[in-house]
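Working notes for the structure below.
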Amino acid sequence: TVGAVALDRAGNLAAATSTGGMTGKRAGRIGDSPIIGAGTFADDTTCAVSATGDGEAFIRLLVAHEIDARIRLGAQPMSEAARAVVIDDLSAIGGSGGLISLARDGALVMPFNCEGMYRGCVRDGGAPETHIY
Amino acid sequence: SGFVLAIHGGAGVLPRDDMSPEREAAYHAALGRVLAAGQSVLTADGAALDAVTAAVMALEDEPLFNAGRGAVFTRDGRHEMDAAIMDGRGRRAGAVAGIAGVRNPVLLARAVMERTDHVLMAGTGALQIARAAGLAFEDDAYFYTQERWDSLQETLRMEADGTLDDDPSRRHG
Numbered sequence: 007t008v009g010a011v012a013l014d015r016a017g018n019l020a021a022a023t024s025t026g027g028m029t030g031k032r033a034g035r036i037g038d039s040p041i042i043g044a045g046t047f048a049d050d051t052t053c054a055v056s057a058t059g060d061g062e063a064f065i066r067l068l069v070a071h072e073i074d075a076r077i078r079l080g081a082q083p084m085s086e087a088a089r090a091v092v093i094d095d096l097s098a099i100g101g102s103g104g105l106i107s108l109a110r111d112g113a114l115v116m117p118f119n120c121e122g123m124y125r126g127c128v129r130d131g132g133a134p135e136t137h138i139y
Numbered sequence: 068s069g070f071v072l073a074i075h076g077g078a079g080v081l082p083r084d085d086m087s088p089e090r091e092a093a094y095h096a097a098l099g100r101v102l103a104a105g106q107s108v109l110t111a112d113g114a115a116l117d118a119v120t121a122a123v124m125a126l127e128d129e130p131l132f133n134a135g136r137g138a139v140f141t142r143d144g145r146h147e148m149d150a151a152i153m154d155g156r157g158r159r160a161g162a163v164a165g166i167a168g169v170r171n172p173v174l175l176a177r178a179v180m181e182r183t184d185h186v187l188m189a190g191t192g193a194l195q196i197a198r199a200a201g202l203a204f205e206d207d208a209y210f211y212t213q214e215r216w217d218s219l220q221e222t223l224r225m226e227a228d229g230t231l232d233d234d235p236s237r238r239h240g
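In order, the protein sequences belong to chains P and Y. Reading the first sequence from the start, the letters are residues 7 to 139 in our numbering. Reading the second sequence from the start, the letters are residues 68 to 240 in our numbering.
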């Protein structure tokens with residue numbers, strides 16, 4: 007699975023995700039990537055999220071929507087909400103994976119509860135950075 | 068103020084012990100190319116929607132990652148891809164599931180968002196939208212990578228002889 011989140015200079019957010027699914031998966035099995043609110047989400051007033059990992063767990067938790075709801079209804083900072091959903095909630099149901107989450111103030115987190123996640127980011131006027139583990 | 072772009076190439080990373088320096092350098096180089104694709108849109112005052120489209124297309128074109136050209140195989144030895152895109156302005160969204168043959172599934176998700184009243188389309192109906200939108204199709208050989216084929220064979224063999232472990236990363240694709 008691959009994905010991107012972006013904040014443009016006009017202050018708008020967007021998210022996109024794309025996947026080949028899972029090696030050896032049954033025909034017809036769909037994971038979280040195309041499910042809005044699970045693996046992909048964007049709302050200018052809260053956050054943009056793209057997820058990767060154990061699709062069934064991300065669907066059950068509606069991970070991206072959960073982060074949005076914690077911000078919107080619980081007044082949690084995005085970084086705190088995103089980390090809690092991945093490190094606490096996802097682990098609690100035996101799920102694993104990670105996500106990238108971006109807020110309209112430019113706050114960015116890329117939490118994962120597994121060995122690593124191919125990821126990268128770049129800020130206006132800054133140098134790009136890439137990480138794996 | 069200013070733009071921000073973040074990308075991911077999936078959580079199914081190679082275990083650190085299996086990652087050679089050459090391989091690691093190849094992943095970092097691919098991620099750098101993808102960031103450049105999205106950054107060029109934002110540097111030109113482009114929209115976040117166009118930046119994530121460009122970045123995910125670049126990820127789909129990199130055989131190293133599980134999407135588009137590097138997609139993993141189903142147990143039948145075929146491809147079934149999914150994609151989604153969402154615009155933070157007004158919660159516009161498009162998504163596709165269970166498709167094959169379209170070079171960039173994220174472009175099809177965007178076509179669903181921009182050319183229909185729907186959010187999620189699957190299978191042959193989604194492919195009709197791809198054709199109407201004039202999206203590029205590729206043959207099976209374009210989506211074939213030896214590594215993904217070998218992964219499928221190994222998975223099926225271990226399933227058959229009962230040695231398939233429950234390593235969570237297997238569920239990461």
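Think of the CB as a built atom: it goes at the ideal place given N, C-alpha and C, for glycine as much as any other residue.
Within 7 angstroms (strictly less), CB to CB, does isoleucine 138 of chain P reach chain Y? Yes - at least one Cβ of chain Y is within 7 angstroms of the one on isoleucine 138 of chain P.
Option nearest valine 91 of chain P by Cα separation, candidates P:Leu105, P:Ala81, P:Tyr139: Nearest of P:Leu105, P:Ala81, P:Tyr139 to valine 91 of chain P, Cα basis: P:Leu105.
CB-CB length for histidine 95 of chain Y against threonine 136 of chain P, believed under 8 angstroms: 5 angstroms
Where aspartate 50 of chain P and arginine 76 of chain P are concerned, what is the direct C-alpha to C-alpha distance, given to the nearest angstrom? 15 angstroms
Selection of the stretch 71-100 of chain Y by Cβ proximity to chain P, strictly under 7 angstroms: Val71, Leu72, Ala73, Ile74, His75, Gly76, Gly77, Ala78, Val80, Pro82, Arg83, Glu91, Tyr94, His95, Leu98, Gly99
Any beta carbon from chain P within less than 7 angstroms of serine 107 of chain Y's own beta carbon? no
Using a cut-off of 8 angstroms between C-beta atoms, extract the partners of methionine 148 of chain Y located in chain P. Ser24, Thr25, Gly26, Gly27
Collapsed DSSP secondary structure at histidine 71 of chain P in the structure displayed: helix
Rounded C-alpha distance that separates glutamine 78 of chain Y from glycine 61 of chain P: Note on identity: in this sequence residue 78 of chain Y is alanine, with glutamine being the wrong assignment. If I take the Cα positions, the gap works out to 11 angstroms.
Since threonine 23 of chain P and serine 39 of chain P are thought to touch, with beta carbons under 8 angstroms apart, how far apart are those beta carbons, to the nearest angstrom? 4 angstroms
Over what stretch of residues does the alpha helix (DSSP H) that includes arginine 198 of chain Y continue unbroken? Under the DSSP assignment, arginine 198 of chain Y falls in the alpha helix (DSSP H) whose first and last residues are 190-199.
Measuring straight from C-alpha to C-alpha, what distance separates isoleucine 41 of chain P and isoleucine 73 of chain P? 15 angstroms
Between which two residues does the alpha helix (DSSP H) containing histidine 95 of chain Y stretch? 88-110
Taking Cβ positions only, does methionine 153 of chain Y come closer than 7 angstroms to chain P? yes
Closer than 8 angstroms, Cβ to any Cβ of chain P: which residues of the stretch 205-232 of chain Y, in chain order? Residues of the stretch 205-232 of chain Y with a C-beta less than 8 angstroms from any C-beta of chain P: Arg215, Ser218, Leu219, Thr222, Leu223, Glu226, listed in chain order.
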